[in-house]
Amino acid sequence: IWLAPECRLWGKFSSLNMSKSLELHDRIARQRIENRHHLQLRNEIYLYQTSKRRHVHLEQPSESIMLEQPELADFRDGTLPSVFDMCKIGKLKMPQSQLYLQKRTRVNTSSGYLDHHLHERYCDRKHEHMVIQGSMKHEGKYMNVSTYAAAYTSSFGSFVADKLLKECVFCEPPVVLFREPDDVFAVGEKH
6 IWLAPECRLW
16 GKFSSLNMSK
26 SLELHDRIAR
36 QRIENRHHLQ
46 LRNEIYLYQT
56 SKRRHVHLEQ
66 PSESIMLEQP
76 ELADFRDGTL
86 PSVFDMCKIG
96 KLKMPQSQLY
106 LQKRTRVNTS
116 SGYLDHHLHE
126 RYCDRKHEHM
136 VIQGSMKHEG
146 KYMNVSTYAA
156 AYTSSFGSFV
166 ADKLLKECVF
176 CEPPVVLFRE
186 PDDVFAVGEK
196 H
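Counted the way my numbering counts, the sequence shown spans residues 6 to 196.
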């Protein structure tokens, strides 16, 4: 199962907005409390999937504090945090200028195989980046650049689908169930 919840309440901009005024702080804090049941559901999905020896993956911007919440403790502790840049893996670009958008991303995954192919795939700096801020006109409508950058590119979707299908052939157990070092597809120092 691939989970990609909206990061609006847990991203760096929500934390920045909380510092702007007491009213904004209280509103975002209240919305976070109201959102807790969604976090609990994601954790239950993780527990169910791993109990069935199946994989689960949760994607968020790297600065998101969603996985730091106590409701996701099992998910956080039983997965590998794969951090990478969307310009490298997903070839994320602005539509008009063709400038890349870096968008550092984290996928907490129960799959050592997927982690091996995602983790530390950072930008090689061989291209120019545009900052993810402001708005732009796309397909005749104005939208925030952050909204545009939130959608997956076909390159990223194809990359992940290919790795997930190959992982099915290996039948690797979720990393939380590893009993021997040889159980994992790729073990690095960080694990």
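No residue lacks a Cβ here, since even glycine has one placed at the ideal position from N, Cα and C.
- Residue pairing by DSSP leaves Met99 without any beta bridge partner.
- A direct Cα-to-Cα measurement between Ala78 and Trp15 gives close to 15 Å.
- Inter-segment contact for the segment 21-38 and the segment 81-91 is absent: fewer than three beta-carbon pairs are separated by less than 8 Å.
- About 6 Å separates the Cβ atoms of Tyr127 and Lys93, confirming a contact at the 8 Å cut-off.
- Restricting attention to Glu49, Gln54, Ser67, the CA atom closest to the CA of Pro75 is found in Glu49.
- Among the bridge pairs identified by DSSP, Pro86 is matched with Asn113.
- For the pair of segments examined, the segment 60-67 was found to touch the segment 9-24: the number of CB pairs separated by less than 8 Å reaches three.
- Secondary structure note for Tyr51: it is in no beta strand (DSSP E), and the uninterrupted alpha helix (DSSP H) holding it is 41-56.
- For Tyr147, there is no enclosing alpha helix (DSSP H); the enclosing beta strand (DSSP E) covers residues 146-149.
- Boundaries for Glu172: no beta strand (DSSP E) harbours it, while the alpha helix (DSSP H) harbouring it runs 159-175, taken from the DSSP string.
- For Met141, the uninterrupted beta strand (DSSP E) run begins and ends at 140-143, by DSSP.
- C-alpha of His43 to C-alpha of Met71: approximately 11 Å in a straight line.
- Closest in alpha carbon position to Gly95, among Leu8, Ala155, Asn40, Tyr53, is Ala155.
- Around the Cβ of Tyr51, a 10 Å sphere holds 16 or more other Cβ atoms; the residue is buried.
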